[in-house]
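Using the numbering used here, the letters of the sequence shown map in sequence onto residues 4 to 318. Written below as structure tokens is the structure these notes are about.
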Amino acid sequence: MGAAGFIAPRHFRAIKDTGGDLVAACDRFDCVGILDSFFPNASFFTEDELFDRHLSKLKSRGEPVDFMSVCTPNYLHDAHIRYGLRSGAHVICEKPLVLNPWNIDALQQVEQETGLRVYNILQLRLHPVIMALKKQVTESPADKVYELDLTYITSRGNWYYASWKGDTRKSGGLAANIGVHFYDMLAWIFGAVKQNTVHVSAHDRIAGFLELERARVRYFLSINYDAIPQEVKAQGKRTFRSLLMDNQELEFSDGFTELHTLSYRMILEGKGFGLEEAKNAIEMAHTIRHAKPLGCVGDYHPLARLACPPHPFGW
Numbered sequence: 004m005g006a007a008g009f010i011a012p013r014h015f016r017a018i019k020d021t022g023g024d025l026v027a028a029c030d031r032f033d034c035v036g037i038l039d040s041f042f043p044n045a046s047f048f049t050e051d052e053l054f055d056r057h058l059s060k061l062k063s064r065g066e067p068v069d070f071m072s073v074c075t076p077n078y079l080h081d082a083h084i085r086y087g088l089r090s091g092a093h094v095i096c097e098k099p100l101v102l103n104p105w106n107i108d109a110l111q112q113v114e115q116e117t118g119l120r121v122y123n124i125l126q127l128r129l130h131p132v133i134m135a136l137k138k139q140v141t142e143s144p145a146d147k148v149y150e151l152d153l154t155y156i157t158s159r160g161n162w163y164y165a166s167w168k169g170d171t172r173k174s175g176g177l178a179a180n181i182g183v184h185f186y187d188m189l190a191w192i193f194g195a196v197k198q199n200t201v202h203v204s205a206h207d208r209i210a211g212f213l214e215l216e217r218a219r220v221r222y223f224l225s226i227n228y229d230a231i232p233q234e235v236k237a238q239g240k241r242t243f244r245s246l247l248m249d250n251q252e253l254e255f256s257d258g259f260t261e262l263h264t265l266s267y268r269m270i271l272e273g274k275g276f277g278l279e280e281a282k283n284a285i286e287m288a289h290t291i292r293h294a295k296p297l298g299c300v301g302d303y304h305p306l307a308r309l310a311c312p313p314h315p316f317g318w
């Protein structure tokens, strides 16, 4: 579900690379010519009712689908996960799994009722650099607390604000739409949240401070090109990613291309990330989305200052 979306081709590739067959796809938009490169024989539907009828026919012929992949807008994930489970399929869902923590509790109940599983794509946990960092922290002295600065700026054009992604009610805002993977990564490596403070929260950027069991993290996330450092712009780049740990840069800009395939492979081996693993990041993003920004006080990310003074655009 969501075959015309930006992230769908990564799922097509993962299905193909793991030996799977995409038998049916659905999206209200019909710009899905990308299917020809992966599964030209897949049935395609623009209406949920016809998609549902097709799945019912497959099931009645003894050919039920094994998995349903959900790549739809964030606010529809909960409903589409439920639909997949009720249809008799395990579900693989893009981030964020859901927008509210209590949705996870309810989905766990549906899992129990159906005997099926929900898996979340948390590909940063599978990145070699992040896995090495997890090992390093696990093997370090238990009382060691790390100092981190996380910066992620991924430029988006004006289309973003006209789409569902620019509507906080549908996307969950920047915290859910682009931050949830990083929040998951941080909690996975450094432990539970002790303090969650937001300094800046705007339509194009969010900055805050996270105190975890084993780390103090200042973060800055943005979709505004103007926030990218000048030296990075000079290289013609529109994305900037940085993770400083105790003033040492951890380079993890590369190595993302095959992580969806690896995620699928782990799911097929029974090692995928389920509802419980997704809970920490969903709770963090939900808290951040509803927090009252404090402004530039306390321990804030240096780039937060870009948003603190009065600005003609309201930043």
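Every residue gets a Cβ at the ideal spot worked out from N, C-alpha and C, and that includes glycine.
Where residue i sits in the DSSP three-state scheme
i      : result
Phe276 : strand
Ile10  : coil
Met71  : strand
Val121 : strand
Lys98  : coil
Arg241 : coil
Phe42  : coil
Phe48  : strand
Met188 : helix
Ser204 : strand
Asn199 : strand
Leu262 : helix
Met248 : strand
Glu114 : helix
Ala109 : helix
His93  : strand
Contacts around residue i, its chain only, beta-carbon distance under 6 Å, and the 5 residues preceding and following it disregarded
i      : result
Glu116 : none
Phe42  : Leu25
Ala201 : Correcting the residue identity first, residue 201 is Val in this sequence and not Ala. Once the five neighbours on either side are set aside, the close Cβ partners of Val201 are Gly211, Ile291, Ala294 and Pro296.
Leu177 : Ile209 and Leu224
Residue span of the alpha helix (DSSP H) that contains residue i, given as start and end
i      : result
Arg128 : Counting along the chain, Arg128 falls outside any alpha helix (DSSP H), and DSSP gives it neither H nor E.
Arg85  : His80 to Arg89
Ala3   : Past the boundaries of the shown model lies residue 3; the chain is included only from 4 to 318, so the question cannot be answered.
Ala294 : No alpha helix (DSSP H) contains Ala294, which DSSP labels as neither H nor E.
Ala27  : No alpha helix (DSSP H) holds Ala27; the beta strand (DSSP E) holding it covers Ala27 to Cys29.
Glu234 : Gln233 to Lys236
Trp162 : Trp162 to Ala165
Distance between residue j and residue i (C-alpha atoms, nearest Å)
i      : j      : result
Leu253 : Met71  : 35 Å
Leu61  : Lys19  : 20 Å
Tyr164 : Ile226 : 11 Å
Met269 : Cys311 : 43 Å
Glu50  : Arg217 : 48 Å
Ser245 : Leu151 : 10 Å
Ala288 : Pro67  : 35 Å
Ala281 : Asp187 : 7 Å
Asn199 : Phe193 : 14 Å
Ile37  : Leu265 : 21 Å
Ser166 : Ile10  : 15 Å
Opening and closing residue of the beta strand (DSSP E) in which residue i lies
i      : result
Arg221 : Ala218 to Ser225
Ile156 : Tyr149 to Thr157
Ala178 : Segment Gly176 to Asn180 is the alpha helix (DSSP H) holding Ala178; no beta strand (DSSP E) there.
Rounded Cβ spacing between residue i and residue j (contact assumed at less than 8 Å)
i      : j      : result
Pro104 : Ile291 : So it is not a contact: roughly 12 Å between Cβ atoms.
Ala17  : Val35  : No, Ala17 and Val35 are not in contact; Cβ-Cβ is about 17 Å, not under 8 Å.
Cys96  : Asn123 : 6 Å
Asp81  : Asn106 : 5 Å
Tyr149 : Asp249 : 6 Å
Cβ shell of residue i (< 7 Å), same chain only, five flanking positions each side left out
i      : result
Phe243 : Thr154, Ile156, Ile231, Pro232 and Val235
Arg13  : His263
Cut-off 8 Å between Cβ atoms - residues of its own chain near residue i, not counting five sequence neighbours on either side
i      : result
Ser46  : Val26, Ala27, Ala28 and His57
Leu215 : Leu189, Ala190, Phe193, Gly194, Ala195, Val196 and Lys197
Arg241 : Thr157, Ser158, Tyr228 and Ile231
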